[in-house]
Amino acid sequence: MTDYSALLSTIPAIRHGFGNKSTLLPTDLQHYRDTQPEKKQVHGTRIVDVSHPAQPCGDADGVYTTQPGILLSVLTADCLPVIFSRRDGSAIAAVHAGWRGLLDGMLERMAARIEQDDSTANWVAAIGPAAGACCYQVNQELVELFQQRLSLPAELISPHTRHLDLTAIAKGQLHNLGFAAVDDAGSCTICTLNRDPQQPQRFKYTSFRRNSQRRAQDPAHPGIKGRNQYAGIIITG
Numbered sequence: 000m001t002d003y004s005a006l007l008s009t010i011p012a013i014r015h016g017f018g019n020k021s022t023l024l025p026t027d028l029q030h031y032r033d034t035q036p037e038k039k040q041v042h043g044t045r046i047v048d049v050s051h052p053a054q055p056c057g058d059a060d061g062v063y064t065t066q067p068g069i070l071l072s073v074l075t076a077d078c079l080p081v082i083f084s085r086r087d088g089s090a091i092a093a094v095h096a097g098w099r100g101l102l103d104g105m106l107e108r109m110a111a112r113i114e115q116d117d118s119t120a121n122w123v124a125a126i127g128p129a130a131g132a133c134c135y136q137v138n139q140e141l142v143e144l145f146q147q148r149l150s151l152p153a154e155l156i157s158p159h160t161r162h163l164d165l166t167a168i169a170k171g172q173l174h175n176l177g178f179a180a181v182d183d184a185g186s187c188t189i190c191t192l193n194r195d196p197q198q199p200q201r202f203k204y205t206s207f208r209r210n211s212q213r214r215a216q217d218p219a220h221p222g223i224k225g226r227n228q229y230a231g232i233i234i235t236g
């Protein structure tokens, strides 16, 4: 089943959703597939203003629009998808942010873009499925780099030894940036099991890390190219 944000679901003027292995692009958004901006995600912090359907954007990990009828989306497979809406649904945005994006200021860049026209106090954000603190083990040097560079509690950044909590980090940053509300609309992409009896997959989400571990054991195991899940949002009214 597709994941939805309880927070964004209260805004009548938009549609949104977070895909999974069974439905990469949420069903409610598939009609708008051809309107998506053309972009290449590069784990950067570039944000593009989108003014027309299928707009070429080049390298970009964030998109922003006030135009109805344009589906903004990001592809993820352990990194964070974060989608944004003004509380009246008149403007929306989406970003792709893994650990590099969080360290390099992707969420701060989006807040700065919003504040060119508005205040983040008029906006809400939803964080979708991503690698969870339960599974996202990294080296201690990376944990310490996060703890040194971010103004967040050390135990929030790393609740377990050598594990990062990307969702908690993003929520803390978004609250510090003044967003009116933030919710968590997904679970861990690495370990969450599929609960849909109509679908054969063992796991609910595509995971780069889980796939890499499988491929290390069995080089013949297929990669995830073309199987990343979409997080998307569109202004419909």
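If you count the sequence shown from 1, position 123 lands on 122 in numbering that gives the first Met the number 0, and the numbers rise without skipping. Quick reminder that beta carbons are idealized off the backbone N, C-alpha and C, glycines included.
Item	Value
Between the C-alpha atoms of A240 and G127, what's the straight-line distance to the nearest angstrom?	This structure cannot speak to residue 240, because the chain is shown only from 0 to 236.
Classify T26: buried if its beta carbon has 16 or more other beta carbons within 10 angstroms, exposed otherwise.	exposed
What are the boundary residues of the beta strand (DSSP E) that T75 is part of?	L71 to T75
Using only CA atoms, which one of G236, I189, M105 and G43 lies nearest to Y135?	I189
Determine the DSSP secondary structure at I113, reduced to helix, strand or coil.	helix
What is the DSSP secondary structure of V47, counted as helix, strand or coil?	strand
Nearest CA to the CA of Q172: which residue from T1, K20, L101 and G16?	L101
With DSSP collapsed to three states, give me the class of D164.	coil
Which word fits G225, buried or exposed, when buried means at least 16 other C-beta atoms lie within 10 angstroms of its C-beta?	exposed
Tell me the rounded alpha-carbon separation between H51 and G43.	23 angstroms
Taking DSSP as the reference, what is the three-state secondary structure of T26?	helix
Go to R85, then tell me how far its beta strand (DSSP E) extends in each direction, as first and last residue.	L79 to R85
CB D60 to CB V73, shorter than 9 angstroms?	yes
Can you give me the Cβ contacts of G68 inside the same chain, cut-off strictly under 8 angstroms, excluding the 5 residues immediately before and after it?	Y31, T34, P52, I233, I234 and T235
Please confirm if the region 89 to 104 is in contact with the region 150 to 169, defined as three or more CB-CB distances below 8 angstroms between the two stretches.	yes
Quick one: grab the DSSP three-state call for R14.	strand
Compute the Euclidean distance between the alpha carbons of I223 and R213, then round it to the nearest angstrom.	11 angstroms
Using beta-carbon positions only, say whether V123 and I10 come within less than 9 angstroms of one another.	yes
Is the Cβ-Cβ distance between Y204 and A76 less than 9 angstroms?	yes
With DSSP collapsed to three states, give me the class of Y31.	helix
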